[in-house]
Structure formats: C-alpha cells, structure tokens
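What follows is a single structure, written as structure tokens, with notes after it.
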C-alpha cells in the first residue's frame, strides 16, 4: 500500500528563523494537501497542490509539489509563536479515494 | 451550519465493552471517514465512505465497524474494546472525492480503554 513519509518529526525553531518540512510518497499522487493541528485541536486544511511543480504561497508559508508528483514541501519563513503546532501532509494516489496522512512535523518555537 | 459533529468528546471503556462513536455532518458531504491519531503515528485511516450505503476499509480497520445509512451520519462501532484502541478518534468529511476537496474534521473523541 501507499506510504507517506514526513520529515522531520520534530522541529524546534528560534523565533524569526526559517524551516522546511518534507513529505515523500512511494506512489505517484493525484494531489497533496497540507493541514495544521494546534495543540489540543483538530487538523485544519491549509492548502491543496494538484499540478506537477506547483508552488503556492500563504503569507509566510510556501508549499511546493514535486515535478514527479511524489513529494512536497512546506517552508515557513520568519517563524512566529503562532506557527506552533503539527503540520501534516495528506496524499491521495492516482485513481484512489483514500487520503493517507504523514506522521506530521511538530513545531515548537523559542521566543 | 455546525460542520462535523462528533460525540462523545471523552469516553472511558473497560476491555471487552462495546460502544459507538457518533459522527454527523450537515454540509451534504459525499465522503466521510474515520481516523485515529496516536503519538508519532500521524492520522491513520480506519474506514471511509464515498456515499450512503457504501463503505470500505482503510489502513487499520480491525476491531471497528461502520455503516452509512444516510448521507449525514457515519457512526464508528467498537465491537469489543481493547487497550490498543486507546486513541483520539477524528471523523472527517469532504464534499466530493472526485473534486479533490479538502477534509473537514470534527473536534475528536478521546477514548481510553482500561
């Protein structure tokens, strides 16, 4: 079955620094979605990538879909305390209904 | 418009007991699913449904049953609870599988099996 690997599992960041989390799939994807879960909360949808090589930005967050549609990344610039939480990628293979989540990257911020 | 509603929020069961986690959505979503979340494991798909009367297994279906008699409701049944089923359970729905629409999550049910 499909495997979705997400690294790193934990990211401790100094406020103001940048970081990147990566998501890799064993199969070609129809699309990839990113979610954020605040501590004690539920996952909330951030963005979806569909096209090969697609890049989308949301303020300080930049999302990229790989050319082969097997990997994706989330880059956050100038990290703030509001960025604390766990970021999940969720991948849907071609011709499949199922959305499989990575293990998530849990971000903590040092002020 | 309440979105996705899960009940109960917390539940403690003894080994061997059975129970049903309720999930309802009022958005006329076609797709509904159940995930469990364990530390370091992310969200693992238990069961999903692409429409009323249609269900299928996800990654970790053993010990759980589902049904989808209406578009709105997608209950998850634990047949005989085991300590390994201690977890946080999330129900999630999306408008359509065909349009790659995003998942809307409920607030979760924290289940402890002793």
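Residue numbers (the working numbering), protein chains in the order written: chain A, 133 to 243; chain B, 3 to 116.
We put the beta carbon where it would ideally sit given N, CA and C, even for glycine.
Bear in mind that the values here come from a model prediction, so they are computed numbers and not experimental data.
Same chain, Cβ closer than 7 Å to residue i, neighbours up to 5 away in sequence not counted
{"i": "residue 87 of chain B", "result": "65, 80, 113, 115"}
{"i": "residue 39 of chain B", "result": "45, 89, 90, 92"}
DSSP-derived helix/strand/coil call for residue i
{"i": "residue 86 of chain B", "result": "helix"}
{"i": "residue 215 of chain A", "result": "helix"}
{"i": "residue 16 of chain B", "result": "coil"}
{"i": "residue 176 of chain A", "result": "strand"}
{"i": "residue 150 of chain A", "result": "coil"}
{"i": "residue 230 of chain A", "result": "coil"}
{"i": "residue 45 of chain B", "result": "strand"}
{"i": "residue 65 of chain B", "result": "coil"}
{"i": "residue 202 of chain A", "result": "coil"}
{"i": "residue 131 of chain A", "result": "Nothing can be reported for residue 131 of chain A: it is not among the residues displayed for chain A, which extend from 133 to 243."}
Any chain A beta carbon closer than 8 Å to residue i
{"i": "residue 1 of chain B", "result": "Since the displayed chain B opens at 3 and closes at 116, residue 1 of chain B lies outside it and no answer follows."}
{"i": "residue 109 of chain B", "result": "yes"}
{"i": "residue 60 of chain B", "result": "yes"}
Same chain, Cβ closer than 6 Å to residue i, neighbours up to 5 away in sequence not counted
{"i": "residue 137 of chain A", "result": "156"}
{"i": "residue 168 of chain A", "result": "176, 178, 217, 219"}
{"i": "residue 184 of chain A", "result": "199, 201"}
{"i": "residue 205 of chain A", "result": "152, 154, 196"}
Cut-off 8 Å between Cβ atoms - residues of its own chain near residue i, not counting five sequence neighbours on either side
{"i": "residue 57 of chain B", "result": "49, 50, 51, 68, 69, 70"}
{"i": "residue 20 of chain B", "result": "79, 80, 81, 82, 83"}
{"i": "residue 47 of chain B", "result": "35, 36, 37, 60, 61, 62"}
Residue-chain proximity (residue i, chain B), Cβ-Cβ < 8 Å
{"i": "residue 177 of chain A", "result": "yes"}
{"i": "residue 180 of chain A", "result": "yes"}
{"i": "residue 141 of chain A", "result": "yes"}
8 Å Cβ cutoff, residue i in contact with chain D
{"i": "residue 91 of chain B", "result": "Absence of chain D from the displayed structure is noted, the protein chains being A and B."}
Give me the subset of the region 218-240 of chain A whose CB atoms are less than 8 Å from a CB atom of chain B, sorted by chain position. 220, 222, 224, 229, 230, 231, 232, 233, 234, 235, 236
What are the residues of the region 90-106 of chain B that lie near chain A, defined by any Cβ-Cβ distance shorter than 7 Å? 92, 99, 102, 104, 105
Taking beta-carbon pairs under 7 Å, can you tell me which members of the region 159-173 of chain A lie near chain B? 162, 163, 165
Residues in the region 25-52 of chain B with C-beta within 9 Å of chain A's C-beta atoms, listed in sequence order? 33, 35, 37, 39, 42, 43, 44, 45, 46, 47, 50, 52
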